[in-house]
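This report refers to the structure that appears directly beneath it.
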Amino acid sequence: MKPELDGLAQKWSTHWEAEQTYRFDRDAPSENVYSIDTPPPTASGELHMGTVFGYVQADVIARFQRMLGKTLFYPMGWDDNGLPTERRVQRHYGVRCDPSLPYAPGFTPPMEGETPVSRRNFTELCHQLTTLDEKSFEEVFRTVGLSVDWSLLYTTIGDRARAVSQQAFLDALARGDAYRANAPTLWDTTFKTAVAQAETEDRPRPSAYHTLHFGPIRVKTTRPELLPACVALVAHPDDERYQHLFGTEVETPLYGTRVKVLPHRLPDPAKGTGIAMVCTFGDTTDVIWWRELDLPTRPVLGFDGRFLPEVEHLGGLTVNQGRARIIELLGETNPEPIEHPVKFYERGDRPLEIIA
Numbered sequence: 000m001k002p003e004l005d006g007l008a009q010k011w012s013t014h015w016e017a018e019q020t021y022r023f024d025r026d027a028p029s030e031n032v033y034s035i036d037t038p039p040p041t042a043s044g045e046l047h048m049g050t051v052f053g054y055v056q057a058d059v060i061a062r063f064q065r066m067l068g069k070t071l072f073y074p075m076g077w078d079d080n081g082l083p084t085e086r087r088v089q090r091h092y093g094v095r096c097d098p099s100l101p102y103a104p105g106f107t108p109p110m111e112g113e114t115p116v117s118r119r120n121f122t123e124l125c126h127q128l129t130t131l132d133e134k135s136f137e138e139v140f141r142t143v144g145l146s147v148d149w150s151l152l153y154t155t156i157g158d159r160a161r162a163v164s165q166q167a168f169l170d171a172l173a174r175g176d177a178y179r180a181n182a183p184t185l186w187d188t189t190f191k192t193a194v195a196q197a198e199t200e201d202r203p204r205p206s207a208y209h210t211l212h213f214g215p216i217r218v219k220t221t222r223p224e225l226l227p228a229c230v231a232l233v234a235h236p237d238d239e240r241y242q243h244l245f246g247t248e249v250e251t252p253l254y255g256t257r258v259k260v261l262p263h264r265l266p267d268p269a270k271g272t273g274i275a276m277v278c279t280f281g282d283t284t285d286v287i288w289w290r291e292l293d294l295p296t297r298p299v300l301g302f303d304g305r306f307l308p309e310v311e312h313l314g315g316l317t318v319n320q321g322r323a324r325i326i327e328l329l330g331e332t333n334p335e336p337i338e339h340p341v342k343f344y345e346r347g348d349r350p351l352e353i354i355a
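In structure tokens, the structure reads:
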């Protein structure tokens, strides 16, 4: 006879909840406790099979440890604090956060486009949507039958998690481990926020090498728009073509800024003309050169992804507009089309910039 399966999931889910089958025993001796701290899934959409599969693996281990007589500490949480949540709210409700706007009581989201709203309105929409997503997530995991202790449910944006993280920061501040400093930052101009390197990915993008003339020196670069941010030229110390120029100064084209020619181990003599333009900042290699060679900073880009108003020829332009404008002003730059990797925030649509 074929076994009757209808209703079994609901039956046992109800039974486990009523009997508190998977409730953590806080009186259990610590040496008998087996803890599982799985990363909380991001509450920014719908769960997919891969996510559920990963948690089923952890649950198999949890059940095995119970069979061995262990007391399980097995909480569940939702990661609802961060860029993925903000991006989902933007797309779902058709809004974007503009901190300069006043709060609008009773705001009704348009559900399309990018209507600017106040920070408070945006935060309210974040709470509203994550509450719905988290309810859906819990239903899926309960249906699967994960043996977690639902009484330990937490959210990364919850009051308790925020209090713990804030206290940890205050402790670090008291120890002198937290400090304020000016430093270059990977910046997403869409989200208008800093991005950790672990959250970046390389995507192939079409580009071109443009040849710039620093007096007798030819430099090939894919970012001619950063010419006003140039602070030095660097070549490999063993590159005989440039050894006689180390320590001397040359003028940048168009802007006439005097910059030094310096040796450094990172330039590849076989790449381009073997000598590179150091700008603040085009990529992470620029940051290395800037730091190790103790170079000055010439910031040209703002947090909105546009050139700062005071940048000659380029003030107020976007990066792409600035690139076209510089090429136009320089005249012939002999562009050589290439495809190369460009850094993006893993959930972003525009290339990252490094803002000083």
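Numbered continuously in numbering that gives the first Met the number 0, the sequence shown closes out at residue 355.
Ideal Cβ placement from N, Cα and C applies to all residues, glycine included.
Keep in mind that this is a model prediction, so the values were computed, not measured.
Nearest Cα to D201 within the set D282, M276 and E16: D282.
In the displayed model, S135 falls within a helix according to three-state DSSP.
When rounded, the separation of the alpha-carbon atoms in D24 and T70 is 7 Å.
The residue among G44, A42, P334 and Y21 with its C-alpha nearest the C-alpha of Y33 is Y21. The beta carbons of T189 and R349 sit closer together than 8 Å.
Between G44 and D187 the beta-carbon gap is near 19 Å, outside 8 Å, which marks them as no contact.
Our two residues, W289 and G271, have alpha carbons roughly 21 Å apart in a direct line. For the pair V277 and P227, the CB atoms are not nearer than the 8 Å cut-off.
DSSP places A275 in the strand class (E or B) of the three-state scheme. Sequence-distant Cβ neighbours of P183 in its own chain, meaning closer than 6 Å and more than five residues away, are F280, V286, I353 and A355. Classified as exposed, H339 has fewer than 16 neighbouring CB atoms from the shown chains inside 10 Å of its CB. The alpha-carbon separation between E16 and A167 amounts to approximately 34 Å.
The DSSP assignment places complete beta strand (DSSP E) segments of no fewer than 3 residues inside the stretch 41–97 at 70–72 and 94–96, in order along the chain. The DSSP-derived three-state label of F168 is helix.
By the Cβ neighbour-count rule, Y178 is exposed, with fewer than 16 other Cβ atoms within 10 Å of its own. In the same chain as E198, and ignoring 5 residues on each side of it, the C-beta atoms closer than 7 Å to its own belong to Y344 and E345, in chain order.
Here the C-alpha atom of D237 lies approximately 10 Å from the C-alpha atom of D267. Unbroken alpha helix (DSSP H) runs of no fewer than 4 residues, entirely contained in the stretch 285–342, are found at 318–329, following chain order.
Put simply, the backbone Cα of V318 is about 18 Å away from that of L211.
For M75, the number of other beta carbons within 10 angstroms of its own is at least 16, and it is reported as buried.
When F106, N80 and G246 are compared, the shortest CA-CA separation from R161 is found for N80.
When the beta-carbon positions are compared, S146 and A61 come within less than 8 Å of each other.
Of the candidates E335, N31, T13 and T41, E335 places its Cα closest to the Cα of V218.
For the pair of segments examined, the stretch 116–123 was found to touch the stretch 89–99: the number of CB pairs separated by less than 8 Å reaches three. A check of alpha carbon separations from L152 across P39, T296, I326 and R305 identifies P39 as the nearest. In the three-state scheme derived from DSSP, where H, G and I count as helix and E and B as strand, L100 is classed as coil.
Taken atom to atom, the span from the alpha-carbon of V55 to that of K342 is near 33 Å. According to the DSSP secondary-structure assignment, E250 is paired through a beta bridge with R257.
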